[in-house]
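First comes the structure, then the notes that go with it.
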Amino acid sequence: MVRAGTDAVPPSVRRFTRRARQRRVRAALPWTVLAGVLVLSLAGAAIVYATPLLGFRTLRVVGTTLVTDDQVRQAASVTEGVPLARVDLDGVRARVAELPPVARVTVSRQWPNTLRVEVVERTPVAVVPQNRRFLVIDAAGVVFQTRSDRPAGLPLARLRTPGPDDTATEGALTVLANLTPELRERLVELVVEGPARITVKLRGGRTVLWGDASRSDAKAQVATSLLAREGETIDVRTPDVVTIR
């Protein structure tokens with residue numbers, strides 16, 4: 017007669033049953049962990065992308081002088097409270113870059129609620145008088161500011177149609193970039209009647225006939241060497257054969 021209880025089950029059967037149970041637990045454990053991770057990931061994504069806890073609150077502007085922080089904020093046009101992770105950084109960058117004085121823009125997220133907009137503004141290199149106003153241009157010929165007064169410290173360039181695609185503007189900027197300190201110190205204005213008709217006017221009524229912008233470095237060196245000579249007009253259109261009269 018067999019007694020009831022654990023003694024009724026042979027030890028070998030109990031060991032087999034225990035090992036089978038352990039295998040089932042071990043097999044189920046990775047799926048349990050994966051399910052937990054998935055739940056936490058979904059919860060985290062919901063917090064980041066769908067709740068106001070990490071919503072946009074502050075726009076931090078860095079590097080502005082020619083434009084105001086308010087102008088940058090208006091151009092960025094980001095709705096307050098929108099989840100920071102959903103803000104289109106490329107869109108913000110493109111909109112801010114449309115401000116004329118802005119050369120480059122970098123936009124980044126600063127958790128939990130801030131967008132950082134770093135602006136690199138255009139560097140003025142010359143002013144162009146037009147219709148009693150002054151157009152400020154950068155080294156690429158972009159007109160990015162219009163002023164009623166002439167900015168101090170910038171050379172005057174008389175151009176008909178200033179712009180980045182204008183060959184006369186390109187020539188004028190090449191000449192300005194190659195002027196020696198002695199010529200720049202005496203410079204009154206640069207007159208550009210065409211790509212090959214550039215004239216540099218200096219203090220004291222002196223004029224340098226420059227021609228086109230080719231070989232501007234050589235022309236500048238020759239013109240500088242002749243500053244001590246008598247004569248109102250220095251012709252360096254052909255820098256190998258110069259005249260002064």
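Numbered according to the working numbering, the sequence shown spans residues 17 to 261. All C-beta atoms in this analysis are idealised placements derived from N, C-alpha and C, irrespective of residue type, glycine included.
Start-to-end residues for the beta strand (DSSP E) that takes in residue i
i: D251; result: T249 to D251
i: S124; result: V118 to Q126
Residue range of the unbroken alpha helix (DSSP H) whose run includes residue i
i: T196; result: From DSSP, T196 is part of no alpha helix (DSSP H); its letter is neither H nor E.
i: G227; result: Looking at the DSSP string, G227 is not in any alpha helix (DSSP H); the run it does join, the beta strand (DSSP E), is T223 to G227.
i: D106; result: L105 to A113
i: T74; result: Element bounds for T74: not the alpha helix (DSSP H) but the beta strand (DSSP E), T74 to V78.
i: R231; result: First-last for R231: undefined, no H or E at that position.
i: V88; result: D85 to A92
Whole-angstrom distance between residue j and residue i, CA atom to CA atom
i: Q146; j: L172; result: 11 Å
i: V64; j: Q126; result: In this prediction, V64 has a pLDDT of 47, which is less than 50 and means its spatial position is unreliable; what the coordinates show is noted afterwards. Answer to the nearest angstrom: the Cα atoms are 13 Å apart.
i: V121; j: L243; result: 44 Å
i: G221; j: A113; result: 42 Å
i: A62; j: N194; result: Confidence in A62 is poor, its pLDDT being 45 and thus under 50, which makes the residue's placement unreliable; the coordinate value appears in the next sentence. Approximately 59 Å, taken between the alpha carbons.
i: V208; j: T74; result: 47 Å
i: R109; j: A101; result: 15 Å
i: E186; j: G107; result: 31 Å
i: V216; j: T249; result: 10 Å
i: R245; j: R261; result: 10 Å
i: P128; j: T139; result: 34 Å
i: P211; j: W226; result: 10 Å
i: R149; j: Q161; result: 10 Å
i: D165; j: R200; result: 21 Å
i: R176; j: S93; result: 36 Å
i: L189; j: G71; result: 46 Å
i: V174; j: R219; result: The residue you asked about is not Val; residue 174 is Arg in the sequence shown. Looking at the two C-alpha atoms, the distance is approximately 16 Å.
i: V133; j: A184; result: 35 Å
i: T223; j: A229; result: 16 Å
Bridge partners - residue i, DSSP secondary structure assignment
i: Q146; result: R149
i: Q161; result: V152
i: A173; result: L206
i: G71; result: P99
i: R132; result: R76 and S124
i: R213; result: G210
i: E186; result: Paired residues: none, contrary to the question.
i: V139; result: Here the sequence assigns Thr to residue 139, which means Val is not the residue at that position. None; T139 has no bridge partner.
i: L218; result: L203
i: T259; result: D251
Integer Cβ distance of residue i from residue j, believed to fall under 8 Å
i: V258; j: V238; result: 5 Å
i: R231; j: P255; result: 6 Å
i: V141; j: D154; result: 6 Å
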